[in-house]
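Q: Dropping the structure in here first, questions after.
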Amino acid sequence: MRIKPLAFALTAALSMTLAAPTFAQETREFSVSTVLSDAFPWGQAAEKWAELVNERSEGRLTLKVYPNAQLVSGDQTREFSAMRSGLIDMAVASTINWSPQVPELNLFSLPFLMPDEAAIDAITQGKTGEKIFAAIDKKGVMPLAWGENGFRELSNSKHRIDSPEDVQGLKVRVVGSPLFLDTFNTLGANPTQMSWADAKPALTTGAIDGQENPLSVFDVARVDQVGQSYLTLWHYMADPLVFGVNKKVWKSLPEADRELLQQAAIDAGAWEIEKSRNELSETLVAIKERGVEVTELTPEQHQAFVDATAEVYTKWTPRIGAELVAEAQAAIAAR
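Here the sequence shown stands for residues -24 to -1, 1 to 311, where the numbers follow mature numbering (1 follows the signal peptide of the UniProt record, and there is no 0).
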């Protein structure tokens, strides 16, 4: 008996439907690199991002946070290159650590450019911030949002610091950025580049006299326990954080997941910035209670440091981009 064409088509369609396998919605896990753990605001930003992504994707997207720069064997300056090459999927990273690969990020390390938090926001939340994100994008990493590690303050084991002359001769640990070396060399110090993992042992043995870091790092890492008895609040530079994604990973995601990932980063960054700023007063009280002598500069003392480091701008403005520096200064002046 011949099967009529319509009946055959229906039978075939039903057969294919029954035979076709059913798939659950794909789940994906991504690595996220940070330099500090969730004992610090920096690490908390990464964990918050992971939490929001997991919650909003209903577990379909998972971000696994790897603190202490363990994905680059502790060498935080290699993080950007590792992301660009695909060894790391995502990161919540310091602008300092990415600055060797993205020269525009050195803007934030210009000494005494940003006097307060409003100045940071004037850069990151305006056209200057958009241009910096475009520069990161051009170098092979997709930037999504800003976070904050805070203003970096100076501590040492020798004496009170309230003038440029007090810095002369001090052996100071700095991060792996040539601009930091130039700033401290200009002040007459003896700067030494080393990872944070190596810094605390060096402070303990007296191989170095001082270090510069945000108050949250000084507090949680208990730097006062390794001889850092003097702390100067000089606000000489700020350290914004960037939430970033490897370009190949970004392009592999559907539009809806990109939007989810970016909005979660924006929300995590805003949450972390507010939290870290609100905790500063309490952190400073705790540091003082442990016997650390804290020096807050007068406007005149602050200006002396500004004047003493002016030549750093002459050298670094062309490398960063004269137009970008001028735009940032204008945004700060108009805040």
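Just so it is clear, CB atoms sit at the ideal spot from N, CA and C, and this is done for glycine as well.
How many angstroms separate the CA atom of S153 from the CA atom of F56?
A: 14 angstroms
Q: Does the Cβ of T266 have 16 or more other Cβ atoms within 10 Å, making it buried, or fewer, making it exposed?
A: This sequence places Arg at residue 266; Thr is not what is there. That one is exposed.
Q: Any idea if N222 is buried or exposed, counting beta-carbon neighbours within 10 angstroms, 16 or more meaning buried?
A: buried
Q: Three-state secondary structure (DSSP) at P216?
A: Here P216 sits in strand by DSSP.
Q: Reducing DSSP to helix, strand and coil, say where A(-18) ends up.
A: Annotation note: pLDDT 41 at A(-18) (below 50); position unreliable, no value reported.
Q: Within the chosen definition, does the region 39 to 49 reach the region 253 to 267 through at least 3 CB pairs nearer than 8 angstroms?
A: no
Q: Looking only at C-alpha atoms, which of T38, N254, V150 and I184 sits nearest to T53?
A: V150
Q: Could I get the ranges of all uninterrupted beta strand (DSSP E) runs contained in the region 62 to 86, with 3 residues as the minimum, in chain order?
A: Assignment of beta strand (DSSP E) within the region 62 to 86, counting only whole runs of 3 or more residues, yields 66 to 70 in chain order.
Q: Scan the region 179 to 238 and note each continuous alpha helix (DSSP H) run of 4 residues or more that stays entirely inside, going in chain order.
A: 191 to 196 and 223 to 228
Q: Are R136 and T271 touching if we call contact CB-CB under 7 angstroms?
A: Yes, the Cβ-Cβ distance between R136 and T271 is below 7 angstroms.
Q: Whose C-beta lies closer than 7 angstroms to the C-beta of E93 among residues of the same chain, with five residues either side of it excluded?
A: So the list reads R253, once near-sequence residues are dropped.
Q: G102 and A307 - do their beta-carbons sit closer together than 7 angstroms?
A: yes
Q: Near P(-4), which residues of its chain fall below 8 angstroms by C-beta distance, leaving aside the five closest residues on each side in sequence?
A: Reliability fails at P(-4), whose pLDDT of 41 lies under 50, so the model's placement of it is uncertain and no value is given.
Q: Can you give the Cα-Cα distance for A280 and F160, rounded to whole angstroms?
A: 14 angstroms
Q: Which two residues bound the contiguous alpha helix (DSSP H) that contains F160?
A: P154 to T162
Q: Using only CA atoms, which one of D215, T180 and S139 lies nearest to V193?
A: The closest CA to that of V193, considering only D215, T180 and S139, is found on D215.
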